Structures are given as structure tokens and as C-alpha cells.
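Using the numbering used here, read the sequence shown as starting at 2 and increasing by one per residue. All C-beta atoms, glycine included, are put in the ideal place defined by N, C-alpha and C. Keep in mind that this is a model prediction, so the values were computed, not measured. What follows is one structure encoded as C-alpha cells, with my remarks underneath.
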Amino acid sequence: MAALTQNKSILSWIDEKVELVKPDKIVWIDGSEEQIEALRKEACSTGELIKLNEELLPDCYYHRTAVNDVARVEDRTLICSKKEEDAGPTNHWMDPEKAYKMVYDIARDSYKGRTMYVIPYSMGPIGSPLAKAGIELTDSIYVVLNMCIMTRVGKKVLEVLGDSNDWVRGLHCKCDIDAEKRWICQFPEDNTIISVNSGYGGNVLLGKKCFALRIASYQGKNEGWQAEHMLILGIENPKGEVKYICAAFPSACGKTNLAMLIPPEGYRKKGYKVWCVGDDISWIRKGKDGRLYAINPENGFFGVAPGTNEKSNPNALASTKKGTIFTNVARNLDDNTVWWEGLDKNPPVNAEEWTGNKVNGPEYKAEGKNLAHPNSRFTAPAVNCPCISSEFENPEGVPISAFVFGGRRAKLAPLVYQSRDWNHGVFVGSIMASETTAAAAGAVGVVRRDPMAMLPFCGYNMGDYWKHWIEIGKTLDPDKAPKIFNVNWFRKDDEGNFMWPGFGDNLRVLEWILKRCDGEVDAKETAIGYIPYAKDINIEGLEGEVSLESLESILDVDKSLWANETDGIAEFYQKFGDKLPKELADELDTLKANLK
Ligand code: OXD
Ligand code: MN
Numbered sequence: 002m003a004a005l006t007q008n009k010s011i012l013s014w015i016d017e018k019v020e021l022v023k024p025d026k027i028v029w030i031d032g033s034e035e036q037i038e039a040l041r042k043e044a045c046s047t048g049e050l051i052k053l054n055e056e057l058l059p060d061c062y063y064h065r066t067a068v069n070d071v072a073r074v075e076d077r078t079l080i081c082s083k084k085e086e087d088a089g090p091t092n093h094w095m096d097p098e099k100a101y102k103m104v105y106d107i108a109r110d111s112y113k114g115r116t117m118y119v120i121p122y123s124m125g126p127i128g129s130p131l132a133k134a135g136i137e138l139t140d141s142i143y144v145v146l147n148m149c150i151m152t153r154v155g156k157k158v159l160e161v162l163g164d165s166n167d168w169v170r171g172l173h174c175k176c177d178i179d180a181e182k183r184w185i186c187q188f189p190e191d192n193t194i195i196s197v198n199s200g201y202g203g204n205v206l207l208g209k210k211c212f213a214l215r216i217a218s219y220q221g222k223n224e225g226w227q228a229e230h231m232l233i234l235g236i237e238n239p240k241g242e243v244k245y246i247c248a249a250f251p252s253a254c255g256k257t258n259l260a261m262l263i264p265p266e267g268y269r270k271k272g273y274k275v276w277c278v279g280d281d282i283s284w285i286r287k288g289k290d291g292r293l294y295a296i297n298p299e300n301g302f303f304g305v306a307p308g309t310n311e312k313s314n315p316n317a318l319a320s321t322k323k324g325t326i327f328t329n330v331a332r333n334l335d336d337n338t339v340w341w342e343g344l345d346k347n348p349p350v351n352a353e354e355w356t357g358n359k360v361n362g363p364e365y366k367a368e369g370k371n372l373a374h375p376n377s378r379f380t381a382p383a384v385n386c387p388c389i390s391s392e393f394e395n396p397e398g399v400p401i402s403a404f405v406f407g408g409r410r411a412k413l414a415p416l417v418y419q420s421r422d423w424n425h426g427v428f429v430g431s432i433m434a435s436e437t438t439a440a441a442a443g444a445v446g447v448v449r450r451d452p453m454a455m456l457p458f459c460g461y462n463m464g465d466y467w468k469h470w471i472e473i474g475k476t477l478d479p480d481k482a483p484k485i486f487n488v489n490w491f492r493k494d495d496e497g498n499f500m501w502p503g504f505g506d507n508l509r510v511l512e513w514i515l516k517r518c519d520g521e522v523d524a525k526e527t528a529i530g531y532i533p534y535a536k537d538i539n540i541e542g543l544e545g546e547v548s549l550e551s552l553e554s555i556l557d558v559d560k561s562l563w564a565n566e567t568d569g570i571a572e573f574y575q576k577f578g579d580k581l582p583k584e585l586a587d588e589l590d591t592l593k594a595n596l597k
């Protein structure tokens with residue numbers, strides 16, 4: 002098949018990779034519906050995909066990965082910079098020469114008997130000044146079809162790119178899905194990603210975590226912008242004004258739910274609306290007016306299915322009703338639809354669990370087993386989302402009023418607090434941490450530090466990344482810089498009950514945040530930052546759930562717990578040696594002094 006571009010840097014790179022992996026055939030993905038439809042049919046004919054009920058789930062498909070290949074593999078995800086210290090203490094590092102040799106040896110001849118699909122894609126609206134192009138080579142139709150949902154794919158990307166060499170190289174080889182030879186290598190200095198022996202989304206949809214976070218964070222450092230693991234949402238007030246917030250949370254903190262939040266009834270009646278610009282990643286750059294603007298580089302949602310339901314996230318559920326690929330959920334064999342834990346209380350009787358065994362759903366559940374894999378996913382087009390923002394395609398992005406960091410802390414962090422200034426805000430992001438839940442393997446309640454929710458996604462030394470945040474702050478007029486906050490939806494009382502209802506009611510906290518951004522409300526200065534006066538958080542409609550008194554206790558700052566926390570922070574910071582920005586060491590000293 003003829004190449005879709007004359008770009009020499011692309012053609013010579015593809016020639017090299019063809020020589021390495023030896024495909025039988027090369028197919029360029031032009032992004033046309035006819036081509037995509039032909040690929041779906043082909044994948045169905047081989048069993049790679051199963052077509053779901055056309056009436057109930059139009060244009061939806063089902064896919065199962067290998068049972069040993071169901072999640073990202075952090076210990077096999079490498080940052081291959083020339084110098085080890087450029088990857089830093091929180092990444093797994095390998096010398097690039099050694100890494101290339103290792104993955105090339107694994108990839109060699111691995112496309113024999115297979116087709117090489119060449120996917121030209123754009124992260125961000127095609128032609129946006131904030132967007133960037135990539136080429137992914139893959140031997141998986143599943144990857145092609147997912148990329149066609151998650152990114153903008155096709156000829157247009159190549160037209161806009163022209164002869165430029167500014168594009169990210171991505172080679173994905175399924176090989177034998179051998180977990181012992183699975184590697185996800187990022188070469189930030191070469192704009193290159195190589196992924197071998199996996200077919201799971203996070204490891205193989207190279208535009209997402211590998212490019213839009215790991216490679217892009219490094220590009221952002223060099224080019225003066227930021228790639229962050231942040232959702233973007235717009236809050237429209239009854240006057241029709243929309244303000245935007247970017248928020249970062251570690252996994253299992255309800256990020257997708259917050260991105261698609263439904264306002265509480267009282268707010269809806271008054272005319273409040275929430276618009277989703279993105280649920281996972283933000284690319285952020287200073288605009289002409291001196292404010293920071295963010296785009297969502299993605300074009301779809303790769304969401305965790307279990308727990309998604311009419312109540313927790315009706316917008317996400319609605320997004321999956323057409324044009325969606327489901328991976329590792331359970332199937333209802335009676336009506337050829339899908340099911341997962343937490344969808345409803347009626348597991349299908351005639352079910353196929355995620356590895357493909359036919360089971361009786363209720364009986365299987367009674368044995369304490371899951372029908373869907375806990376990390377089963379939907380890949381849904383963003384346009385399906387009922388609350389997708391009208392600015393989703395805006396090439397300039399949306400202006401950001403606030404950055405919000407968060408984590409799951411049963412006792413420590415108050416419901417919300419505001420940093421004193423930008424550098425203190427960077428400190429607040431750098432000390433982000435979450436307590437592990439029963440959903441993940443390992444001990445429950447252990448604190449995992451996850452600065453800016455970027456722990457597995459920062460493509461360079463985290464100390465340099467913090468420095469970059471501080472440098473960005475220096476370029477911003479303090480009046481125009483987003484204000485920085487921390488939230489904790491997960492405070493528990495002494496009986497272990499959650500003290501805040503969460504979900505849509507989180508809008509009450511976001512409302513306070515926006516009021517602070519507009520200077521409309523006072524706050525109490527404490528050792529850790531500004532805390533709301535309880536009266537300033539609207540709890541109308543929460544009678545019986547949250548009283549002024551309980552609100553006060555969710556807002557309190559326990560100095561002795563925080564003093565313990567500073568020990569944990571100091572220990573964590575120590576890993577970074579002289580890469581720790583002085584500004585952050587100073588902030589830690591200030592916090593310690595404030596707690597005395
Ligand atoms: C994701 C993640 O899948 O952060 O988005 O792990
Ligand atoms: Mn994520």
C-alpha cells in the first residue's frame with residue numbers, strides 16, 4: 002500500500018522498522034470509516050473482537066486480553082535517558098543503547114505472517130498550537146481501533162505535519178504476549194517509544210500514557226509547557242459563565258467521576274452545569290493573555306468499567322452506549338451485552354466471565370468471584386459524553402482558574418485547603434499521597450506518595466519536574482496564575498464511615514474553590530494553608546448527611562498527624578538529593594515551623 006506521506010523522517014524510520022520486524026504487508030491507516038469498518042469485520046472474523054448487540058449497543062465490540070496481560074506494568078516500564086540521574090529515583094531506568102538492543106532483539110522478525118498498521122495520529126485537535134503528532138506501528142487491529150477512538154487518526158495529521166521531524170515514534174509488537182519479555186520503553190531524548198509483548202491498552206495505546214505523559218512531560222520541560230495527569234472540567238454558573246479547573250488524583254480516587262460530575266439537585270435547579278473537557282490528561286501552556294490554557298490531548302475515554310453505573314457516573318455510562326470497545330468485562334450471553342461489578346445488582350445468569358468461561362453469574366458471585374476483571378475497561382468516544390464541553394475541540398484550549406490536587410487520606414488532609422502561593426502549591430502537589438484501598442493488591446491503608454499523580458508517568462527526574470513547575474510559576478503574573486488547592490473526599494470518622502458524601506456533592510467544594518479564585522470569600526490561615534470557614538461551604542440539601550459541626554471536623558488540621566507527615570515527606574524528599582528544588586525544601590521547613 003502506498004505511503005500516505007512524503008515526509009522523509011517518517012519514511013526512513015518506517016523502512017528501518019520494516020527491516021527489523023519483517024511484516025508480510027503494510028497498511029496505512031487513513032482514518033476513513035470504510036477502512037475502520039473493514040478492520041472491525043476482519044477482527045470479528047478471527048475472534049479478536051466480538052460484535053455486541055447492534056440494537057442495544059450499536060457499533061460496540063468486545064475484546065479479551067491474555068490473562069497475564071491486564072494492566073500497566075510499572076516495573077517493566079523504562080525511561081531510557083542517556084544518564085540515569087535524568088530518569089531519577091522514581092523511574093526504572095535503562096541505558097538507551099542497551100534498551101534498544103534488548104527490545105530490538107525481542108521485536109526482530111516478530112511481524113512475520115502479520116500486517117504492519119501505520120497509524121498517524123494527533124494528540125490534541127489537529128492543527129492546534131498545543132497538539133503534537135505521532136506515528137504508531139502496530140501488528141494489532143485492536144490497537145488500531147482503540148487508537149481511532151482515543152486519538153485523531155488519519156491523513157489530515159500527516160498533511161498538517163508536512164516535512165516536520167517533530168513527531169513521536171512508536172513501535173508496538175505483540176510478539177507472544179510473554180510477560181517475561183514485556184517491556185514498555187520510553188526514549189525521551191529520541192521522541193521514541195517501543196512496547197513489546199503486551200496487548201493491554203495502557204501499554205500499547207502509545208498516544209496515552211507513553212506519549213501524552215512520559216514523552217510529553219519531557220518535551221514540556223524543554224519547550225516551556227506542561228503535560229499533566231489531570232482531568233479538565235468546566236463549571237457553568239447560572240449567569241452562563243464557565244470557569245475551568247484541572248485536577249490530579251492517584252488511581253481509585255474517582256477522577257473520571259469528578260470529570261463528569263452531575264451537580265446536586267439544588268445546583269441544577271439554580272442553573273449550574275458541569276462540562277467535561279478531559280478525564281485523564283492535560284497539556285497546558287501560557288496563552289497570549291498571560292493565563293494558562295489547557296487542552297485534553299485525547300479524543301476518547303479509556304475508563305475503568307467496574308463501579309461505573311447510573312448513580313456513580315451516568316455520563317460515563319451513557320458514553321459507552323455506542324461506538325465503544327469493551328475489554329475484559331463480562332458478557333451477557335442472552336442478549337449479547339456486557340456486565341461488570343457495580344453496573345447493577347443483576348449479574349447475568351447466562352454469563353461469560355472475563356477469561357471466557359461460561360458461568361452462572363449469581364452463583365459465581367456467591368462464590369465471591371468477579372465476572373469482570375477489576376481493571377476491565379471501556380474505550381468510548383468523547384463525543385458520546387452527554388456533558389462534553391463545547392470547548393473540547395477548541396485548538397487554543399480553555400483558561401485554567403485552579404489546579405486541584407487530591408488523594409485518599411482517612412484522617413490527615415482536610416476536605417479542602419488552598420496553598421498560600423504558587424511555590425507552596427507546587428509543594429502541596431509534590432507531597433500528594435494516597436492510602437491504598439482493598440481494590441489493589443497489598444496492605445490496606447499504606448501511604449503511597451504520588452506527586453501530582455505523576456509517579457508512574459513522569460518521563461524524567463521528578464526533582465527536575467518540580468523545578469519545571471517552579472519555573473513555570475516564575476513566568477506567570479500572580480494575578481493570572483491558577484490558584485492551587487488540595488482536596489480529600491475520603492475523610493473518615495472514628496467508626497470508619499466516610500464523612501463527606503462525595504460524587505456530585507463535590508461541586509460544593511469546587512464552588513468554594515472558584516469563589517477563592519475570584520476573591521469572593523474569606524478563609525482561615527492555618528499551618529498547612531487556607532481552610533474554608535465551615536459556613537462558606539454550601540451544605541443546603543445535605544441535611545441529615547453533613548452538619549455544620551461535622552463539616553468543621555472534616556476541615557480541621559490535626560497538628561500532631563501533620564508533624565508525623567512531615568517526617569514521611571522528608572524521607573521521600575531525601576531520595577532526590579540535590580535535585581530537590583530549594584524552594585520545596587524551604588516549604589517543608591516552613592510547614593515544620595508552622596506546626597510547632
Ligand atoms: C489510567 C491510570 O488508566 O492512570 O488512566 O492508570
Ligand atoms: Mn490516568
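Residue i Cβ short of 6 Å to ligand 1 heavy atom set
i: SER252; result: yes
i: ASP281; result: yes
Secondary structure of residue i, DSSP reduced to three states
i: ILE37; result: helix
i: ALA197; result: Residue identity check: residue 197 is Val in the sequence provided, not Ala. Strand at VAL197.
i: TYR534; result: coil
i: HIS425; result: helix
i: ASN385; result: helix
i: ARG65; result: coil
i: HIS230; result: coil
i: CYS518; result: helix
i: GLY578; result: helix
i: ARG410; result: coil
i: LEU456; result: coil
i: PHE379; result: strand
i: ALA72; result: coil
i: ALA352; result: strand
i: HIS374; result: coil
i: LEU552; result: helix
i: PRO1; result: Nothing can be reported for residue 1: it is not among the residues displayed for the chain, which extend from 2 to 597.
i: ALA248; result: strand
i: GLY235; result: strand
i: ILE296; result: strand
i: ASN54; result: coil
Span of the beta strand (DSSP E), counted from its first residue to its last, around residue i
i: LEU206; result: LEU206 -> no beta strand (DSSP E), and no H or E assigned at all.
i: GLY1; result: Not covered by the structure: residue 1. The range shown for the chain is 2 to 597.
i: ARG170; result: 168-174
i: ALA403; result: 399-407
i: GLY446; result: Careful: GLY446 lies outside any beta strand (DSSP E) and carries neither H nor E.
i: ALA528; result: Careful: ALA528 lies outside any beta strand (DSSP E) and carries neither H nor E.
i: TYR112; result: Element bounds for TYR112: n/a, residue is neither H nor E.
i: VAL275; result: 274-279
i: THR328; result: 326-328
i: THR338; result: 338-340
Residue i, buried or exposed, once every other Cβ within 10 Å from all chains shown has been counted against 16
i: ASP280; result: buried
i: GLY600; result: Residue 600 is absent from the model: the chain starts at 2 and stops at 597.
i: SER303; result: Here residue 303 turns out to be Phe, not Ser, going by the sequence shown. By the 10 Å Cβ count, PHE303 comes out buried.
i: VAL405; result: buried
i: PHE458; result: buried
i: ASN424; result: buried
i: PHE499; result: exposed
i: GLN227; result: buried
i: ASP451; result: buried
i: THR6; result: buried
i: GLU630; result: The structure shown does not extend to residue 630, since the chain spans only 2 to 597, so no value can be given for it.
Residue span of the alpha helix (DSSP H) that contains residue i, given as start and end
i: TYR598; result: Residue 598 lies beyond the stretch modelled for the chain, which goes from 2 to 597, so this question has no answer here.
i: GLU266; result: 266-271
i: TYR574; result: 560-575
i: SER129; result: It is not in any alpha helix (DSSP H) - SER129 carries neither H nor E in the DSSP assignment.
Any non-hydrogen atom of ligand 3 closer than 6 Å to residue i Cβ
i: SER402; result: With respect to ligand 3, the structure shown offers nothing to examine, as its ligands consist of ligand 1 and ligand 2.
Query raised in the report: At a cut of 8 Å, does the segment 498-514 reach the segment 251-269 through at least three beta carbon pairs?
Result: Contact holds: three or more Cβ-Cβ distances are below 8 Å.
Query raised in the report: Is it a yes or a no for the segment 96-103 touching the segment 177-190, going by three-plus beta-carbon pairs under 8 Å?
Result: With a cut-off of 8 Å, the segment 177-190 and the segment 96-103 count as touching, because enough Cβ pairs lie within range.
Query raised in the report: Does the segment 168-181 come within contact of the segment 23-33, defined as at least 3 CB pairs closer than 8 Å?
Result: Proximity of the segment 168-181 to the segment 23-33 falls short of the contact definition, fewer than three beta-carbon pairs being nearer than 8 Å.
Report task. Specify whether the segment 385-397 and the segment 297-316 touch according to this definition: at least 3 beta carbon pairs, one from each stretch, less than 8 Å apart. Result -> yes
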